[in-house]
Amino acid sequence: MQVQDQAEIAHLLAELRVEHRDLDVAIEHLADSVGRDELQLTRLKKRKLLLKDHIARLESKLIPDLDA
1035 MQVQDQAEIA HLLAELRVEH RDLDVAIEHL ADSVGRDELQ LTRLKKRKLL
1085 LKDHIARLES KLIPDLDA
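All you need for our numbering is the position in the sequence shown, starting with 1, plus 1034.
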């Protein structure tokens, strides 16, 4: 993997982590609201899980391959 690729992945990871944290705050706020929208809450939670999976895949790309 090229250094440039690693830098791009690291930058993307940072953006995804910020979005993940923002979703966490939005989910908490929506869950605490009185007339909450369950469909919207479910969609936000699903998006958060997808982001978590994407972050995990990108993090695994940053781990160098080791020869056995």
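Virtual Cβ for every residue (Gly too), placed ideally from N, Cα, C.
None of the values given here were measured: they were computed from a predicted structure.
Q) Which residue comes first and which comes last in the alpha helix (DSSP H) that contains S1094? A) Unbroken alpha helix (DSSP H) run through S1094: E1072 to L1096.
Q | Between the CA atoms of D1087 and L1073 - distance to the nearest angstrom | A | 21 Å
Q. Helix, strand or coil: how does DSSP classify V1068 here?
A. coil
Q: Let me know the secondary structure DSSP gives D1099 once reduced to three states.
A: D1099 falls in the coil class under three-state DSSP.
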